[in-house]
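Working notes, beginning with the structure itself.
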Amino acid sequence: MSFPRLQTIQHRFLFGLAILVFLFGLFFSAGLYFHLRSLLHSEVTDKAKLVLAQVDSVQIYVRESLRPKMYEKLPSDEFIIEAMSSSYISRRIMEQLNASMGEYHHRRVAENARNPDFEINELEAELLQHFRNSPGQRSWEGYRKIDDQEYFVMARPVFFEQSCMTCHGSPEQAPKELIDRYGGERGFGRKLGALDGLDVVGLPVQEAVLRIREATASYIGIYIGGILLFFALIQFFFNRLVVDNLRRLALYFRVRFQDHADTRLFDKLDKGDEIDEMVQGMEELGDHLLEARRQLQNNAADLERTVASRTEDLTREASERKADVQLFVRLLDGLNRSMSRRDLWKQALPRIGERFGADEVSFMCMVASQNFHTWPDARKRPDLPDDWRTLIVDAKPYFTADKAIIPVGASASFIEGLLFLTWSKGDGPVKEQDQAVLRALGQQLGIALENLSALDNLVRQKDVLASIIEGISDPLLFMDENCSVILANQAARSLAETLAKVDKGEDGEPGRADVDTILPRLFKGEGDCLAHKTLGHSQPFIREIYSRGGRSFFVSLYPVTTPSGSGGRMVVYIRENTQEKRVLARMQQGEKLATVGKLAAGLAHEINNPLGVILCYAQLLRDSLAGEQEKDDVEVIIRHTRQARNVLQDLLNFARPKKDGPEILDVRQVAEVAAKVFQVHAENKRIRLTVESYGEPLRMYAPQQVLEQILTNLLNNALDAVTPGEGEVVIRTFREAEHKEIVLQVIDNGPGVPEEHMAHLFDPFFTTKEVGQGTGLGLAVVYGLVRDLGGRIEVSSASGAVFTLFFPNDETLEHLEHSDGIEPGADN
Numbered sequence: 001m002s003f004p005r006l007q008t009i010q011h012r013f014l015f016g017l018a019i020l021v022f023l024f025g026l027f028f029s030a031g032l033y034f035h036l037r038s039l040l041h042s043e044v045t046d047k048a049k050l051v052l053a054q055v056d057s058v059q060i061y062v063r064e065s066l067r068p069k070m071y072e073k074l075p076s077d078e079f080i081i082e083a084m085s086s087s088y089i090s091r092r093i094m095e096q097l098n099a100s101m102g103e104y105h106h107r108r109v110a111e112n113a114r115n116p117d118f119e120i121n122e123l124e125a126e127l128l129q130h131f132r133n134s135p136g137q138r139s140w141e142g143y144r145k146i147d148d149q150e151y152f153v154m155a156r157p158v159f160f161e162q163s164c165m166t167c168h169g170s171p172e173q174a175p176k177e178l179i180d181r182y183g184g185e186r187g188f189g190r191k192l193g194a195l196d197g198l199d200v201v202g203l204p205v206q207e208a209v210l211r212i213r214e215a216t217a218s219y220i221g222i223y224i225g226g227i228l229l230f231f232a233l234i235q236f237f238f239n240r241l242v243v244d245n246l247r248r249l250a251l252y253f254r255v256r257f258q259d260h261a262d263t264r265l266f267d268k269l270d271k272g273d274e275i276d277e278m279v280q281g282m283e284e285l286g287d288h289l290l291e292a293r294r295q296l297q298n299n300a301a302d303l304e305r306t307v308a309s310r311t312e313d314l315t316r317e318a319s320e321r322k323a324d325v326q327l328f329v330r331l332l333d334g335l336n337r338s339m340s341r342r343d344l345w346k347q348a349l350p351r352i353g354e355r356f357g358a359d360e361v362s363f364m365c366m367v368a369s370q371n372f373h374t375w376p377d378a379r380k381r382p383d384l385p386d387d388w389r390t391l392i393v394d395a396k397p398y399f400t401a402d403k404a405i406i407p408v409g410a411s412a413s414f415i416e417g418l419l420f421l422t423w424s425k426g427d428g429p430v431k432e433q434d435q436a437v438l439r440a441l442g443q444q445l446g447i448a449l450e451n452l453s454a455l456d457n458l459v460r461q462k463d464v465l466a467s468i469i470e471g472i473s474d475p476l477l478f479m480d481e482n483c484s485v486i487l488a489n490q491a492a493r494s495l496a497e498t499l500a501k502v503d504k505g506e507d508g509e510p511g512r513a514d515v516d517t518i519l520p521r522l523f524k525g526e527g528d529c530l531a532h533k534t535l536g537h538s539q540p541f542i543r544e545i546y547s548r549g550g551r552s553f554f555v556s557l558y559p560v561t562t563p564s565g566s567g568g569r570m571v572v573y574i575r576e577n578t579q580e581k582r583v584l585a586r587m588q589q590g591e592k593l594a595t596v597g598k599l600a601a602g603l604a605h606e607i608n609n610p611l612g613v614i615l616c617y618a619q620l621l622r623d624s625l626a627g628e629q630e631k632d633d634v635e636v637i638i639r640h641t642r643q644a645r646n647v648l649q650d651l652l653n654f655a656r657p658k659k660d661g662p663e664i665l666d667v668r669q670v671a672e673v674a675a676k677v678f679q680v681h682a683e684n685k686r687i688r689l690t691v692e693s694y695g696e697p698l699r700m701y702a703p704q705q706v707l708e709q710i711l712t713n714l715l716n717n718a719l720d721a722v723t724p725g726e727g728e729v730v731i732r733t734f735r736e737a738e739h740k741e742i743v744l745q746v747i748d749n750g751p752g753v754p755e756e757h758m759a760h761l762f763d764p765f766f767t768t769k770e771v772g773q774g775t776g777l778g779l780a781v782v783y784g785l786v787r788d789l790g791g792r793i794e795v796s797s798a799s800g801a802v803f804t805l806f807f808p809n810d811e812t813l814e815h816l817e818h819s820d821g822i823e824p825g826a827d828n
């Protein structure tokens, strides 16, 4: 197949440009496609590794924490698979993940699996055989078709360790729970270290691959449209800027050389393109210039011979000076990258030898150690001359035809050592300029050695200071007069990260964990700034401050004076006392309740008997009276006597609250029952009462009557606090993430609790209700009951009152379940 010949330069240029653009488009389209595939592969690989890491975390926790704890608590012949089998627990957790996030596919399988559902399939058998054929490989990843869907699959081998042999070794040694559930045939007979199982994670990628192909096709379409527009612009500007100018140049040659040119030459030019015409014209011009050049060459020959000799001398001298400059520059670069004297000489000696053509270059320290460094033979010790002491004292170099000895020192008063250069052929540096360069080189090397010594001392002092600061467990900062942090230890950085989590900006986004921004807020202010006081008075200041999260700190600021006498810097020491204050407040509240409880019990006992006598005789008097008016008057006495006895009963309940026996109960169920009891009262007042529960059942070991009494008192207060018709009360239960405590909250949208009432909220007989509407004992009773259950209560006020109760976590419950014959799931 033949192609028509392209006659014009424009056609050739556009044809070549089209081929180049096509190749570039093909390259970038393929690059985009493979780049997107690479991103997809990286993303699914990270997700698969994250799933496997989660499985590892669960199994390590079961093997190292949960299972040993269960062995301590359980009799030796009992085994709870739901709490002691790492494989069972990890599978159950991953089943939940697969159910909530269907894109994941996880299986933990084995040959002759105890549970047939986890028996290895054909694909997994192929992967297992692959790992057995490659003993050193610990993971495999690739793409496979699963149920007509393309998946990214990551697998890793599972080896049976010593901790696995109890359940997978001999059936006689296996727990009875496993034999009863799965039988004694499958899952046994494993060998220690055997490769019999796999962890397999799969993620679907078919939809993502289709999107990548669509994106690549869209890119190609946009690229083609752009190329068409690009070609149109190229053709327009090429005609204007290139073709027209080439034609003018060709016409110029035709006009200028029409007397000398052969007519056959122009006929030949008509068959070519614009470039051919221009080349032919340049050749004609070259012929005219050739003759003139020959004449100039003859005249310049003599001048060239004269200049060449002088130029050679100047070039040699310039080359030597350039080499000297390069030597000093390279030595300076080596000094910047050297961390010790050995590094400096290792880089400097070869360069010195290369510059001066020396066969051997050595340095010997003459201060104390007489260490030496030699190039190229590092083990060869240089020979000292007999008068080497004179060379050091006089600080003068020594030159011969085959050797040069240069004193190395920052000044003539202190020489650190001698630099030796040796030439085997006796062509040493006899020039005065080379000798001057070597003398300057010795001084510069001496300065470099002094700088290295000073730098080494600074680094050691810095390391000692850093170790001292980082060793302090409390936050410590070094700051300037603008409260900018110059230095902070790890404890200060950790505190900044913690405070940043509760520090909200105006837009509601969490603040950054910036030490230079977060920590100075603790003591920096416009009107009463501790930093300015410390620097202004040049004396330490200590103050207790509070953060937004309710934490308190003792901040100590110490001014620092530099050796020159100038100030402007300070050391800040921060010590948190939040926990100390909370413990002290709880102790004070507990002592107060105990004292008031004893007083209430004594008063109730002393007053209750007289009230009983009054009530008895009042009833006898009522029965003996005939008149209705007199009976009504006695009835008033009886009613108020009974009201007084009710108040005394509340006092007795506060002093000695009755408790049923403890049992295992679900906090969520108790909250729902309490909500149903108060639902009618709430509907009558047109108040919305709801229950919000999150997560798994919240089991705790406590008397149900106590928990119901706590909720009853809190709900009574909440329903009294909100406005009828607009009020809303929420009972919320969940498990706190960090300490795994059970949290019970009662939230209302009432006026909240004023700040001045916070300190007395749980005091007996303290109430903000109208006279006759409350005894002031409800929250005091709640506080005492929560404390008796081993919990704590916190109160906050924002758009309403929030009472938050914290109860012990599952570790306490597990201990109680397996003591005194209490079984999990008992009636509550």
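Residue numbers (the UniProt record's numbering): 1 to 828. We treat Cβ as the ideally placed atom computed from N, Cα and C, and that holds for glycine.
Under the criterion of beta carbons closer than 8 Å, F372 and F363 qualify as touching, at roughly 7 Å.
By the criterion of a C-beta distance shorter than 6 Å, F541 is surrounded in its chain by L530, K533, T534 and L557, once the five residues flanking it on both sides are discounted. For P68, the secondary structure class from DSSP, reduced to helix, strand or coil, is helix.
Boundaries of the alpha helix (DSSP H) harbouring Q435: E432 to G471, taken from the DSSP string. Bridge partners of T733 according to DSSP: S693 and L744. Around the C-beta of Q709, 16 or more other C-beta atoms lie within 10 Å, and the residue is accordingly described as buried. The segment 18-38 makes no contact with the segment 56-71; the number of CB pairs closer than 8 Å stays below 3.
With respect to Q433, F399 sits apart: the two C-beta atoms are not nearer than 8 Å. Closest in C-alpha terms to K676, from the list F159, S29, V729 and L14, comes V729.
Bridge pairing for Y151: R144 and P204 [DSSP]. Between the beta-carbon of R186 and that of R114 there is about 5 Å, and that keeps the pair under the 8 Å contact cut. The residue among I731, N133, E755 and R211 with its C-alpha nearest the C-alpha of R688 is I731. The C-beta distance from A410 to E450 rounds to 5 Å, short enough to meet the 8 Å contact threshold. DSSP, read as helix, strand or coil, puts C365 in strand. By the neighbour-count criterion, in which 16 or more other beta carbons inside 10 Å mark a residue as buried, N121 falls on the exposed side. When Cβ pairs closer than 8 Å are counted between the two stretches, the segment 215-230 is seen not to touch the segment 128-143, the count staying below three. Under the DSSP definition of a beta bridge, Y558 partners with V571. Rounded to the nearest angstrom, the gap between the Cα atoms of R575 and C483 is 18 Å. Taking the Cα of Y151 as reference, the smallest distance to any Cα among Y88, A492 and E207 is reached at E207.
Among the bridge pairs identified by DSSP, A500 is matched with none. Taken atom to atom, the span from the alpha-carbon of L123 to that of E111 is near 13 Å.
Residue H106 holds the alpha-carbon nearest to the alpha-carbon of S87 among Y71, E78 and H106. Here L452 is not near L349, since their CB atoms are 8 Å or more apart. A distance below 7 Å between beta-carbons, with the five flanking residues on each side excluded, links V691 to the following residues of its chain, in chain order: A671, E672, A675 and I731. G725 places its beta carbon 8 Å or farther from that of G800.
Spanning the alpha carbons of R645 and G612 requires a straight line of approximately 8 Å. From the listed residues N749, R735 and G750, the smallest Cα separation to L805 is found for R735. Taken through DSSP and simplified to helix, strand or coil, A702 comes out as strand. Straight-line measurement puts the Cα of R639 at about 14 Å from the Cα of E630. Within a 10 Å sphere around the beta-carbon of I472 sit fewer than 16 other beta-carbons, which makes this residue exposed. Of the residues assessed, T641 falls on the buried side of the cut-off, its CB having 16 or more other CB atoms within 10 angstroms. Separation of D748 and A83 (C-alpha to C-alpha, rounded to the nearest whole angstrom) is 39 Å.
The DSSP-derived three-state label of K346 is helix. Of all C-beta pairs linking the segment 233-240 to the segment 159-166, fewer than three are shorter than 8 Å, placing the two stretches out of contact. The C-beta distance from L203 to A48 rounds to 6 Å, short enough to fall under 8 Å. Counting the other CB atoms within 10 Å of its CB gives L178 a total of 16 or more, which places it among the buried residues.
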